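Q:
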Amino acid sequence: MIFQINKIISVTIILTLLLSACHNHKEGDGHNHGTAETKTEAKKEEHHEEAPATIASLTAEQIKTVGITFGNIENKELTATIKANGNLKVPNNNKANATSLYGGVIKTLNVQIGSFVKKGQTIATIANPQFIQLQEEYLSTGSKITFAEQEVARQKELNEGNAGAKKNLQSATADLNSLRTRRASLQQQIQLMGINPNNVSNGNLQSMLVVSSPISGTVSNVFAKIGSYVDVSSPVAEIVDNGSLHLDLNVFEKDLPMLKVGQTIHFTLTNNPTTEYDAVVYSIGTAFESDSKTIPVHCNVKGNKTGLIDGMNITAIVSLNNVTSPAVPTEAIVEADGKYYIFIKTNKEPEEHHEEGEEGHDHKEAEKGKEAEPKNTTNFEKIEIVKGVSNMGYTAITFVNEIPKDAVIVTKGAFFINAKLSNTGEHEH
Numbered sequence: 030m031i032f033q034i035n036k037i038i039s040v041t042i043i044l045t046l047l048l049s050a051c052h053n054h055k056e057g058d059g060h061n062h063g064t065a066e067t068k069t070e071a072k073k074e075e076h077h078e079e080a081p082a083t084i085a086s087l088t089a090e091q092i093k094t095v096g097i098t099f100g101n102i103e104n105k106e107l108t109a110t111i112k113a114n115g116n117l118k119v120p121n122n123n124k125a126n127a128t129s130l131y132g133g134v135i136k137t138l139n140v141q142i143g144s145f146v147k148k149g150q151t152i153a154t155i156a157n158p159q160f161i162q163l164q165e166e167y168l169s170t171g172s173k174i175t176f177a178e179q180e181v182a183r184q185k186e187l188n189e190g191n192a193g194a195k196k197n198l199q200s201a202t203a204d205l206n207s208l209r210t211r212r213a214s215l216q217q218q219i220q221l222m223g224i225n226p227n228n229v230s231n232g233n234l235q236s237m238l239v240v241s242s243p244i245s246g247t248v249s250n251v252f253a254k255i256g257s258y259v260d261v262s263s264p265v266a267e268i269v270d271n272g273s274l275h276l277d278l279n280v281f282e283k284d285l286p287m288l289k290v291g292q293t294i295h296f297t298l299t300n301n302p303t304t305e306y307d308a309v310v311y312s313i314g315t316a317f318e319s320d321s322k323t324i325p326v327h328c329n330v331k332g333n334k335t336g337l338i339d340g341m342n343i344t345a346i347v348s349l350n351n352v353t354s355p356a357v358p359t360e361a362i363v364e365a366d367g368k369y370y371i372f373i374k375t376n377k378e379p380e381e382h383h384e385e386g387e388e389g390h391d392h393k394e395a396e397k398g399k400e401a402e403p404k405n406t407t408n409f410e411k412i413e414i415v416k417g418v419s420n421m422g423y424t425a426i427t428f429v430n431e432i433p434k435d436a437v438i439v440t441k442g443a444f445f446i447n448a449k450l451s452n453t454g455e456h457e458h
């Protein structure tokens with residue numbers, strides 16, 4: 030029994046020693062591997078945190094093949110512009126409805142949509158028996174006035190000879206005045222019907238009422254047709270004077286200070302941008318439009334208005350004051366990651382992207398070998414800019430960082446250099 034207990038104790042001690050030895054070995058081995066892995070990760074992180082390439086190197090043959098050209102930054106006088114949308118409108122005082130003041134049935138219709146009419150031109154004719162009755166009453170009233178005048182004259186004679194009562198003269202005079210008032214009223218009504226009262230006679234009663242155009246312009250809509258009944262509440266046609274077109278622009282608050290009365294506006298139709306028209310600002314609004322949060326700017330359309338119709342949508346370019354600023358050809362600018370750049374010649378060498386160690390050592394040896402070879406390349410540096418106004422093929426620029434005043438820029442072929450630089454960066458990473 031004692032022997033077995035001693036045996037168990039001995040085995041336990043041996044196992045404890047073995048486990049302890051294994052543990053120490055693993056800790057030592059883990060430490061060495063951890064250091065190596067840490068160094069490797071550090072190298073990887075250092076490698077990936079390198080700045081993007083900004084210098085590209087091209088051979089003379091590449092420059093010639095692509096057709097890269099060079100130039101200098103120029104000071105250009107460029108016209109600043111802003112864009113705005115809007116629509117064409119005709120003022121209400123240049124729109125009109127051809128309407129009859131009296132109800133009737135359309136007998137003739139002399140216009141159609143698109144017809145040009147002059148002020149006073151006949152649009153349609155309307156028939157109604159009441160027209161004859163009105164003229165008949167006018168003639169009848171005239172006859173009654175003649176009789177009333179004779180009665181007044183007779184009562185005056187009787188009154189002068191004390192043969193008649195004074196009240197009879199007064200009554201006759203009142204009747205005459207009443208008839209004259211009625212005739213004046215009928216005369217005005219007949220004139221409003223378009224009938225000359227002087228032409229109304231027993232043998233010349235007109236049963237047709239003429240509806241004429243109240244303004245000169247183009248017929249934009251015809252509401253009636255032959256045989257339909259119209260009255261004062263139902264117009265026969267709508268006439269619009271497109272010669273009085275004006276332009277309503279919707280301008281944002283930030284652009285408003287750059288506009289002023291008398292400024293020239295160039296605009297095109299949204300659906301037909303090939304033809305350009307001109308307008309001049311005559312009024313600037315003082316309140317926001319509720320829906321678009323823009324301020325209306327009103328302009329008079331100048332020159333040829335052919336093809337322009339009330340309600341058309343337009344796109345306008347507002348010419349601002351000329352500004353002189355550093356500028357480059359527009360094609361010299363490239364875009365990358367939402368920023369704009371140009372390329373200039375530089376003596377700087379392209380950035381190196383490699384890892385330390387044996388590969389780095391071999392790379393340095395290779396570079397030493399290359400240094401012995403004659404170089405026939407040109408280096409270009411990518412320079413960030415801020416774009417300004419563009420006009421006549423040039424774009425105003427502002428540099429984020431200063432560059433040499435005599436810098437030579439790439440005026441043509443910048444897109445190729447940028448593509449090569451991007452491909453180089455991806456390959457090296």
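Under my numbering, the letters of the sequence shown match residues 30 to 458, in that order. For glycine and all other residues, C-beta sits at the position ideal for the given N, C-alpha and C. A quick note: this is a predicted structure, and the numbers were derived from the prediction, not measured.
1. Is Ile142 near Val248, with beta carbons less than 8 Å apart?
2. Using the Cα positions of Thr154 and Val251, report the straight-line distance between them to the nearest angstrom.
3. Run the CB neighbour count on Lys254, radius 10 Å, all protein chains shown included, and call it buried at 16 or more, exposed below.
4. How would you write the range of the beta strand (DSSP E) that Asn114 sits in, first residue to last?
5. Pick out whichever of Phe281, Thr299, Val181 has its Cα sitting closest to the Cα of Asp320.
6. With DSSP as the reference, identify every bridge partner of Ile224, one or two as the case may be.
7. So does the segment 303 to 312 actually touch the segment 147 to 166, counting three or more Cβ pairs closer than 8 Å?
8. When you compare only the Cα positions, how much space is there between Pro226 and Gln159?
9. Where in the segment 297 to 345 do unbroken runs of the beta strand (DSSP E), each at least 3 residues long, occur, reported from the N-terminal end onward?
10. Taking Asn447 as the reference, give the member of Ile432, Cys328, Glu413 with the closest Cα.
11. Let me know the secondary structure DSSP gives Gly171 once reduced to three states.
12. Could you tell me the distance, in whole angstroms, from the CA atom of Asp391 to the CA atom of Asn101?
13. At which residues does the alpha helix (DSSP H) containing Thr94 begin and terminate?
14. Tell me the residue span of the beta strand (DSSP E) that contains Thr406.
15. Tell me whether Tyr370 is buried or exposed, calling it buried when 16 or more other Cβ atoms sit within 10 Å of its Cβ.
16. Do you know offhand how far Gly272's Cα is from Asn206's?
17. Only counting the same chain, and skipping five residues up and downstream in sequence, which positions put a Cβ closer than 7 Å to that of Lys185?
18. Inspect the beta-carbon positions of Arg212 and Thr175 and report whether they are closer than 8 Å.
19. On the criterion of 16 or more Cβ atoms from any shown chain inside 10 Å, does Thr335 qualify as buried, or is it exposed?
20. Is Lys105 buried or exposed, if buried means 16 or more other CB atoms sit within 10 Å of its CB?
21. Whose C-beta lies closer than 7 Å to the C-beta of Asn452 among residues of the same chain, with five residues either side of it excluded?
22. Does the separation of the CB atoms of Val265 and Ala127 fall below 8 Å?
23. What's the C-alpha gap between Val357 and Asp435?
24. Return yes when the Cβ of Glu410 is within less than 8 Å of the Cβ of Lys459, no when it is not.
25. Does the beta-carbon of Met421 have 16 or more other beta-carbons within 10 angstroms, so that it is buried, or is it exposed?
26. How many Å lie between Leu298 and Asp277 at the Cα?
27. In or out: Val415 buried (at least 16 other Cβ within 10 Å) or exposed?
28. Return the chain-ordered list of same chain residues with a C-beta closer than 8 Å to the C-beta of Leu163, the five sequence neighbours on each side being excluded.
29. Is DSSP giving Leu349 helix, strand or coil here?
30. Can you name the start and end residues of the beta strand (DSSP E) that Thr151 belongs to?
31. What does a CB cutoff of less than 8 Å around Gly256 pick up in its chain, not counting 5 residues either side in sequence?
32. In three-state DSSP terms, what is Val181?
33. Measuring only the C-alpha atoms, how far is Leu107 from Gly314?
34. According to DSSP, what are the bridge partners of Gln138?
35. Under three-state DSSP, which class holds Thr83?
36. In whole angstroms, give me the CA-to-CA distance for His144 and Ile426.
A: Looking at the coordinates:
1. Contact: yes.
2. Answer to the nearest angstrom: the Cα atoms are 14 Å apart.
3. Under this definition Lys254 is an exposed residue.
4. 103 to 118 is the span of the beta strand (DSSP E), which, as asked, contains Asn114.
5. The candidate whose alpha carbon is nearest that of Asp320 is Phe281.
6. The bridge partners DSSP lists for Ile224 come to none.
7. Because the criterion of three Cβ pairs below 8 Å is not met, the segment 303 to 312 and the segment 147 to 166 do not touch.
8. Cα to Cα, Pro226 sits roughly 16 Å from Gln159.
9. Counting whole runs of 3 or more residues, the segment 297 to 345 contains the beta strand (DSSP E) stretches 301 to 313, 324 to 331.
10. For the residues Ile432, Cys328, Glu413, the minimum Cα distance to Asn447 belongs to Glu413.
11. Of the three classes helix, strand and coil, the one that applies to Gly171 here is helix, per DSSP.
12. Because the pLDDT at Asp391 is just 48, under 50, the model does not fix this residue reliably, and the value given afterwards should be weighed accordingly. Those two C-alpha atoms are separated by around 41 Å.
13. Going by DSSP, Thr94 is part of the alpha helix (DSSP H) stretching over 89 to 95.
14. Taken as a continuous stretch (DSSP letters only), the beta strand (DSSP E) holding Thr406 covers 406 to 420.
15. Its Cβ being crowded by 16 or more others within 10 Å, Tyr370 is buried.
16. Between the C-alpha atoms of Gly272 and Asn206 there is a straight-line separation of about 49 Å.
17. Within its own chain, the residues whose Cβ lies closer than 7 Å to the Cβ of Lys185, once the five positions on either side in sequence are excluded, are Leu198, listed in chain order.
18. Not in contact: Arg212 and Thr175 (Cβ atoms no closer than 8 Å).
19. With fewer than 16 neighbouring CB atoms inside 10 Å of its own CB, Thr335 falls in the exposed class.
20. With 16 or more other Cβ atoms within 10 Å, it is buried.
21. Excluding sequence neighbours, Asn452 sits near nothing in its chain.
22. Against a cut-off of 8 Å, the Cβ pair of Ala127 and Val265 comes out as a contact.
23. Pairing Val357 with Asp435, the inter-Cα distance amounts to about 14 Å.
24. Residue 459 is absent from the model: the chain starts at 30 and stops at 458.
25. It counts as exposed.
26. Each residue's alpha carbon lies about 13 Å from the other.
27. Using a 10 angstroms sphere on the CB of Val415, the tally of other CB atoms stays under 16, which defines it as exposed.
28. Answer for Leu163: Leu215, Gln218, Ile219, Met222, listed in chain order.
29. In the three-state scheme derived from DSSP, where H, G and I count as helix and E and B as strand, Leu349 is classed as strand.
30. From DSSP, the beta strand (DSSP E) with Thr151 extends over 151 to 156.
31. The beta carbon of Gly256 sits closer than 8 Å to those of Val134, Ile135, all from its chain and outside the five residues before and after it, given in chain order.
32. The three-state secondary structure of Val181, taken from DSSP, is helix.
33. Spanning the two alpha carbons is a distance of roughly 28 Å.
34. What sits at residue 138 in the sequence shown is Leu, not Gln. DSSP lists Ala153 as partners of Leu138.
35. In the structure shown, Thr83 sits in coil (DSSP, three-state: anything other than H, G, I, E or B).
36. Going by the sequence as given, residue 144 is Ser instead of His. Each residue's Cα considered, the two are about 53 Å apart.
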